[in-house]
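What follows is one structure encoded as structure tokens, with my remarks underneath.
Residue numbers (this note's numbering), protein chains in the order written: chain A, 32 to 543; chain B, 40 to 221.
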């Protein structure tokens, strides 16, 4: 008695649901759409952990759209109010800090995973015939993603954003003929102002995301029409004449529908990605904002976000004569080479095991980028602006010095020498550490260096009296490792020590 | 295809009897042509709107940095001025700094704050009489000349004049290598 009505209830509920689905399917052709998209066949070998980065990048992008839209609930894209609205978001709005953190870390993950995706595609030869357009749209998507990262850091509208724009404008200002026009186009006028923020807002929120959506559609369409790259086997060469048939055979022999059979690794990667973003957001929180965007407050050390730190480092390390070339010509050429890669490397070996140059390229690129990023954070080329007033001097570098030498130390400190020169690691790193300078340079050489400068050091001749030069040089001559003699001029080896009996040598007597 | 609309065969231009096709063909081309014209008409203002900042050059304006007595002789001081073309919603970004060096009397040099390397704000050090840049280590002498580091030239200077004991500069552009001495 009891079983029958229950069963019929369940059955009728199921039947009702089924008929609703069938009605929807009849009108919307859902199952047809599914079979031709998520259910499309992929080679079994492509259901690999190496193939999850593309979908993870897309997931990051979707998360960015969601968190970005939510941030726009409170953010005010006006030069006079953006910074305050950011403070409001961070400290007043409930969970505002968390939304900012999710958006910031989402962008970091998106750039990072996108680079992994690109590296994998490169190493697995997936850009070769017949997937050229997939690769090319991917390159533009990468540029768009970097564009999002740059415009995003501008929207923070703090001092780093302000001076970051100044750096961008200074780079464009190096373009011959059109420099001024390009600067004005970027800034919305000849000076960083409200128009600048407004157009970066439009770029970040409408123009670039719209472009990304359109390109992702093409990118995914190509995955459907030309199929996902099979896991390359060493020795299996791509030939334009035979590849399409071979791929068809692979799909027939060992093809599986992407959903549900091939998708679980992508789903797992998606969960890991979300977990990673959540973890970083909770533990590290949002970035900044740094100081307010008051250009008149010049006590600032402008630094770009993580993704652009290597460019910041390159700009410091390039010799002056190749700088404009390096900033204006090299990037477009590199992008063009990336873009055209599938055309000059269209067929042949796909597996990275037989493509040593490809592997080397990847290793070198990561090494160079990694080192440049590290250098960007360390910035050894920047004077340490407060070293002259804020650093200490190790006791052993003061003890036992003659009055003139101590005077020299004080003058060195006062004249900002320490901004660029460390003494035993304390101070700036722009110039050499002076801890052993007395054993490297003679007094004459020191005088010349201080007065005339050179080798990337300003000349101090005009700003130091002869007495001050004498004091500074005698202090520096006393700076040498224990037991090492003062540097001597090799052209006068015969000069007996007695004749150079100054404060420097008198200590040598004491030690000996 | 041509059999669907036999009434259109009266088209005198057609001898083959496919006059309806050529008429449709004509109308299609006509409609496309209309869209080309409409597209051009709407593109011109769109492009003009976007590119106006690329083309437009606003004249510099004489902007006061305050009375000359604010600047002691033989010293270099930070001064600020309001962007000549600032909007009410510019906020503090409209207040722009520059370095004023009063050599003697009415002899001045006014330097832009932006390093000639990549535009970061240079800082003045009174004791060593040097400008130093916090970004890539550019250094300039008291008179703006390049002293060390990657900058390709001396500090940018503003044109200036003294009127009624007040110092004015020709302001209105953030100097870059494209617009060096404004």
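Backbone N, C-alpha and C fix where the C-beta goes; we use that ideal spot for every residue, glycine too.
Small disclaimer: the values here were computed from a predicted structure and weren't measured.
Under 7 Å between the Cβ atoms of residue i and residue j?
{"i": "residue 185 of chain A", "j": "residue 231 of chain A", "result": "yes"}
{"i": "residue 205 of chain A", "j": "residue 359 of chain A", "result": "yes"}
{"i": "residue 414 of chain A", "j": "residue 451 of chain A", "result": "yes"}
{"i": "residue 139 of chain B", "j": "residue 119 of chain B", "result": "no"}
{"i": "residue 211 of chain B", "j": "residue 194 of chain B", "result": "no"}
{"i": "residue 164 of chain B", "j": "residue 196 of chain B", "result": "no"}
{"i": "residue 381 of chain A", "j": "residue 263 of chain A", "result": "yes"}
{"i": "residue 324 of chain A", "j": "residue 190 of chain A", "result": "yes"}
{"i": "residue 173 of chain B", "j": "residue 173 of chain A", "result": "no"}
{"i": "residue 458 of chain A", "j": "residue 449 of chain A", "result": "yes"}
{"i": "residue 142 of chain A", "j": "residue 338 of chain A", "result": "yes"}
{"i": "residue 208 of chain B", "j": "residue 102 of chain B", "result": "yes"}
{"i": "residue 517 of chain A", "j": "residue 508 of chain A", "result": "yes"}
{"i": "residue 222 of chain A", "j": "residue 171 of chain B", "result": "no"}
{"i": "residue 92 of chain B", "j": "residue 215 of chain A", "result": "yes"}
{"i": "residue 312 of chain A", "j": "residue 136 of chain A", "result": "yes"}
{"i": "residue 289 of chain A", "j": "residue 71 of chain A", "result": "yes"}
{"i": "residue 258 of chain A", "j": "residue 278 of chain A", "result": "yes"}
{"i": "residue 140 of chain A", "j": "residue 308 of chain A", "result": "yes"}
{"i": "residue 201 of chain B", "j": "residue 76 of chain B", "result": "no"}
{"i": "residue 329 of chain A", "j": "residue 111 of chain B", "result": "no"}
{"i": "residue 191 of chain B", "j": "residue 175 of chain B", "result": "no"}
{"i": "residue 261 of chain A", "j": "residue 74 of chain A", "result": "yes"}
{"i": "residue 198 of chain A", "j": "residue 104 of chain B", "result": "no"}
{"i": "residue 207 of chain A", "j": "residue 384 of chain A", "result": "no"}
{"i": "residue 319 of chain A", "j": "residue 187 of chain A", "result": "yes"}
{"i": "residue 300 of chain A", "j": "residue 157 of chain A", "result": "no"}
{"i": "residue 453 of chain A", "j": "residue 406 of chain A", "result": "no"}
{"i": "residue 576 of chain A", "j": "residue 239 of chain A", "result": "Since the first and last residues shown for chain A are 32 and 543, residue 576 of chain A lies out of range."}
{"i": "residue 182 of chain A", "j": "residue 235 of chain A", "result": "yes"}
Among all the DSSP beta bridges, which residues are the ones paired with residue i?
{"i": "residue 274 of chain B", "result": "Chain B is shown from 40 up to 221; residue 274 of chain B falls before or after that span and cannot be answered."}
{"i": "residue 171 of chain B", "result": "B/162 and B/178"}
{"i": "residue 163 of chain A", "result": "DSSP, once it has assigned bridges, lists no residue as partnering residue 163 of chain A."}
{"i": "residue 117 of chain B", "result": "B/138"}
{"i": "residue 100 of chain B", "result": "B/210"}
{"i": "residue 1 of chain A", "result": "The question about residue 1 of chain A has no answer here: the residues shown for chain A are numbered 32 through 543."}
{"i": "residue 506 of chain A", "result": "Bridge partners of residue 506 of chain A: none, in fact."}
{"i": "residue 147 of chain B", "result": "B/141"}
{"i": "residue 185 of chain B", "result": "B/179"}
{"i": "residue 196 of chain B", "result": "B/150"}
{"i": "residue 106 of chain B", "result": "B/205"}
{"i": "residue 259 of chain A", "result": "According to DSSP, which records beta bridges pairwise, residue 259 of chain A is partnered with nothing at all."}
{"i": "residue 288 of chain A", "result": "A/72"}
{"i": "residue 60 of chain B", "result": "In the DSSP output, where bridge partners are listed per residue, residue 60 of chain B has none listed."}
{"i": "residue 269 of chain A", "result": "A/379"}
Assuming residue i contacts residue j under a Cβ cut-off of 8 Å, what Cβ separation, rounded to an integer in Å, is found between them?
{"i": "residue 210 of chain A", "j": "residue 97 of chain B", "result": "Contact flag wrong, Cβ pair sits at about 17 Å."}
{"i": "residue 470 of chain A", "j": "residue 512 of chain A", "result": "7 Å"}
{"i": "residue 220 of chain A", "j": "residue 94 of chain B", "result": "About 12 Å separates the two Cβ atoms, so there is no contact after all."}
{"i": "residue 365 of chain A", "j": "residue 154 of chain A", "result": "Contact flag wrong, Cβ pair sits at about 18 Å."}
{"i": "residue 68 of chain A", "j": "residue 244 of chain A", "result": "Rounded, the Cβ-Cβ distance is 16 Å, inconsistent with contact."}
{"i": "residue 144 of chain A", "j": "residue 253 of chain A", "result": "Actually they are not in contact, since the Cβ atoms of residue 144 of chain A and residue 253 of chain A sit about 19 Å apart, beyond 8 Å."}
{"i": "residue 477 of chain A", "j": "residue 441 of chain A", "result": "Between residue 441 of chain A and residue 477 of chain A the Cβ distance is about 17 Å, and since that is not below 8 Å, they are no contact."}
{"i": "residue 180 of chain A", "j": "residue 336 of chain A", "result": "7 Å"}
{"i": "residue 122 of chain B", "j": "residue 224 of chain A", "result": "6 Å"}
{"i": "residue 200 of chain A", "j": "residue 228 of chain A", "result": "Residue 200 of chain A to residue 228 of chain A, Cβ: 14 Å. No contact."}
{"i": "residue 91 of chain A", "j": "residue 242 of chain A", "result": "About 17 Å; that fails the 8 Å criterion."}
For this session: Would you list, in chain order, the members of the region 431 to 456 of chain A that have their beta-carbon closer than 7 Å to a beta-carbon of chain B?
Result: The residues in question are 445, 446, 447 and 450.
For this session: Could you list the residues in the region 122 to 146 of chain B with a C-beta less than 8 Å from some C-beta on chain A, going in chain order?
Result: Of all residues in the region 122 to 146 of chain B, 122, 124, 125, 126, 127, 128, 129, 130, 131, 132, 133, 134, 135 and 136 have a Cβ within less than 8 Å of some Cβ in chain A.
Exercise. Listed from N- to C-terminal order along the chain, which residues in the region 165 to 191 of chain B have their beta-carbon within a distance smaller than 9 Å of any beta-carbon of chain A?
Worked result: So the close ones are 166, 167, 168, 169, 171, 172, 173, 174, 175, 176, 178, 179, 180, 181, 186, 187, 188, 189, 190 and 191.
Exercise. Fully enclosed by the region 36 to 124 of chain A, which alpha helix (DSSP H) runs are 4 residues long or longer?
Worked result: Segments of the alpha helix (DSSP H) lying fully in the region 36 to 124 of chain A: 61 to 67, 84 to 102 and 113 to 122.
Problem set entry | Ranges of the alpha helix (DSSP H) found wholly within the region 379 to 439 of chain A, counting only runs of at least 4 | Complete alpha helix (DSSP H) runs here, min 4: 387 to 409 and 418 to 421.
For this session: Pull out every residue of the region 486 to 499 of chain A whose Cβ sits closer than 8 Å to any Cβ of chain B, in chain order.
Result: Within the region 486 to 499 of chain A, the qualifying residues are 487, 488, 489, 490, 491, 493 and 494.
Exercise. Using a Cβ cut-off of 7 Å, which residues of the region 403 to 431 of chain A contact any Cβ in chain B, in chain order?
Worked result: So the list reads 412, 413, 414 and 416, given in the order they occur along the chain.
Problem set entry | Interface residues of the region 209 to 223 of chain A facing chain B [CB-CB below 9 Å] | Listed by position along the chain: 209, 210, 211, 212, 213, 214, 215, 216, 217, 218, 219, 220, 221, 222 and 223.
Exercise. Which whole runs of the alpha helix (DSSP H) in the region 443 to 475 of chain A are 4 residues long or more, in chain order?
Worked result: Counting only runs that start and end inside the region 443 to 475 of chain A, the alpha helix (DSSP H) elements of at least 4 residues fall at 448 to 451 and 468 to 471.
For this session: Could I get the ranges of all uninterrupted alpha helix (DSSP H) runs contained in the region 203 to 257 of chain A, with 4 residues as the minimum, in chain order?
Result: Entirely contained in the region 203 to 257 of chain A, the alpha helix (DSSP H) runs reaching 4 residues are, in chain order, 210 to 218, 225 to 233 and 239 to 257.
Exercise. Going along the region 200 to 213 of chain B in order, which residues come within less than 7 Å of chain A, judged by CB to CB distance?
Worked result: For the region 200 to 213 of chain B, the set of positions with a beta-carbon nearer than 7 Å to some beta-carbon of chain A reads 211, 212 and 213 in chain order.
Exercise. Got a sec: which bits of the region 58 to 90 of chain B sit with their beta carbon under 9 Å from any beta carbon on chain A, in order along the chain?
Worked result: For the region 58 to 90 of chain B, the set of residues with a beta-carbon nearer than 9 Å to any beta-carbon of chain A comprises 89 and 90, in chain order.
Problem set entry | Interface positions of the region 310 to 331 of chain A facing chain B (Cβ-Cβ less than 9 Å), listed along the chain | If the cut-off is 9 Å between Cβ atoms, the region 310 to 331 of chain A has 323, 324, 325, 326, 327, 328, 329, 330 and 331 near chain B.
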